[in-house]
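Residue 1 is where the sequence shown starts when you use my numbering, and the numbers rise one by one after that. Even glycine gets a Cβ: it sits at the ideal position worked out from N, Cα and C. These figures come from a predicted structure and were not determined experimentally. The structure appears right after this line, and notes come after that.
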Amino acid sequence: MLVNPAAGGGRGARVAHRAVARLRERGLDVEELAGTDARHAAALAQDAVGSADVLAVVGGDGMISIALQVLAGTEVPLGIVPAGSGNDHARTYGIPRRSAEKAADVIADGHRTTVDIGRIVAADGETRYFGTVVAAGFDSLVNDRANRMRRPRGRMRYNLATVVELANLRRVPFRVEVDDDRFNQDLVLAAVGNAPTYGGGMRICPEADAADGLLDVTVVRAMPRRRLVRFFPSVYTGTLARHHEVEMYRAATVRLDARGIRAYADGELVGSLPVEVTVVPRALRILTPAASRT
Numbered sequence: 001m002l003v004n005p006a007a008g009g010g011r012g013a014r015v016a017h018r019a020v021a022r023l024r025e026r027g028l029d030v031e032e033l034a035g036t037d038a039r040h041a042a043a044l045a046q047d048a049v050g051s052a053d054v055l056a057v058v059g060g061d062g063m064i065s066i067a068l069q070v071l072a073g074t075e076v077p078l079g080i081v082p083a084g085s086g087n088d089h090a091r092t093y094g095i096p097r098r099s100a101e102k103a104a105d106v107i108a109d110g111h112r113t114t115v116d117i118g119r120i121v122a123a124d125g126e127t128r129y130f131g132t133v134v135a136a137g138f139d140s141l142v143n144d145r146a147n148r149m150r151r152p153r154g155r156m157r158y159n160l161a162t163v164v165e166l167a168n169l170r171r172v173p174f175r176v177e178v179d180d181d182r183f184n185q186d187l188v189l190a191a192v193g194n195a196p197t198y199g200g201g202m203r204i205c206p207e208a209d210a211a212d213g214l215l216d217v218t219v220v221r222a223m224p225r226r227r228l229v230r231f232f233p234s235v236y237t238g239t240l241a242r243h244h245e246v247e248m249y250r251a252a253t254v255r256l257d258a259r260g261i262r263a264y265a266d267g268e269l270v271g272s273l274p275v276e277v278t279v280v281p282r283a284l285r286i287l288t289p290a291a292s293r294t
């Protein structure tokens, strides 16, 4: 069990304690692994995959991202005990998000689902995998700004970063390739989803299916600041398609390029555009509630 003790503002350690107790109650042999930083956590995960029957993660989507890098293409399934602020992987697969014990029961029950994951090739040639959404544009600029801010903490930091970026809103010329189709356009953002949500439930790719062998692409064309403010609620309700500035596609390969824009995947920084994003069908085993099994 790979644990991020700091997840959820310090909830990670408490959630891990309860999950481990439940798993041992259910007769499982559990070894806790807590990295001192992301690199150490990645090394622990890599070592664990060689000997574990399951690699479980206690934390948020960033910690799950670390696990995906070593689980992709293996037979070792991923277990999830949500303890982050967004928990979009857990949301996608129906993992209980408010009870460590119920999430641990999903792991102990052992129902495996085989799903797709996405693969990103960054401008420097580095390859990494993701499970939910790759985002570039306004939302990545908000992430950039929030990561530079020390205060306030938690969700309010991102709210403030959003307000500042709205004030600085500008048109960003993008080059987008969706399989064999190519276009140049001024965009607010571009998102490539293996799953429907990011940012704690924002339905940016509302029809994305992590088992259909394709990626969903949402592009939002440039619009005036006032209209963008009215647009945001539709991201939470999944009704983006009602706006004429929104276009959606399905593809196996997507390329994004825009000067001065960086991409984020599963909430973690990937790097500067351009990036190439491809789907890797049926590359991940994940433990889900029995009703979610495919």
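Paired residues, beta bridge with residue i - DSSP
i	result
LEU273	Its beta-bridge partners do not exist; DSSP assigns none.
ARG255	GLU177, GLU276
ILE117	VAL280
ASP216	GLY193, ARG250
GLY137	LEU189
VAL3	ALA34, VAL58
ARG128	ILE120
Through-space distance from residue j to residue i, alpha-carbon basis
i	j	result
ARG182	VAL217	13 Å
PRO82	THR197	15 Å
GLU126	ALA161	28 Å
ASN4	ALA222	38 Å
THR305	ALA135	The structure shown does not extend to residue 305, since the chain is modelled only from 1 to 294, so the question has no answer here.
VAL192	ARG262	14 Å
ASN87	GLY60	5 Å
MET1	ALA122	29 Å
ARG39	ILE64	13 Å
ALA211	TYR93	11 Å
GLY12	ALA67	16 Å
ARG112	ILE80	12 Å
ASP186	THR237	24 Å
ALA258	ALA208	24 Å
ALA108	LEU284	18 Å
Boundaries (first-last residue) of the beta strand (DSSP E) holding residue i
i	result
ILE261	Premise fails: ILE261 is in no beta strand (DSSP E) and is neither H nor E.
PRO82	78 to 82
MET248	246 to 251
LEU55	55 to 59
Residue i beta carbon near the ligand MG (any heavy atom closer than 7 Å)
i	result
GLU126	Absent from the structure shown: the ligand MG. Ligands present: none.
Residue environment, residue i, which counts as buried when at least 16 other CB atoms sit within 10 Å
i	result
ARG128	buried
THR36	exposed
THR294	Note on THR294: pLDDT 42, under 50, position unreliable in the model; the coordinate value appears next. By the neighbour-count rule (16 or more Cβ atoms within 10 Å), THR294 is not buried but exposed.
GLY73	exposed
ARG26	exposed
ARG203	buried
THR288	buried
PHE138	buried
Extent of the continuous alpha helix (DSSP H) run through residue i
i	result
PHE231	225 to 231
**OP:** Just list the alpha helix (DSSP H) runs in the region 150 to 201, keeping only unbroken ones of 4 residues or longer that don't cross its boundaries, in chain order.
**Re:** Given a length threshold of 4 residues, each whole run of the alpha helix (DSSP H) inside the region 150 to 201 is given here in chain order: 155 to 167.
**OP:** Let me know the beta strand (DSSP E) ranges lying completely inside the region 20 to 64, each 3 residues or longer, listed in chain order.
**Re:** The region 20 to 64 contains these whole beta strand (DSSP E) runs: 55 to 59.
Original post:
For the region 84 to 117, which segments carrying the alpha helix (DSSP H) assignment without a break, of at least 4 residues, lie completely within its bounds, in sequence order?
Top reply: Listed in chain order, the complete alpha helix (DSSP H) runs (minimum 4 residues) inside the region 84 to 117 are 88 to 93, 100 to 109.
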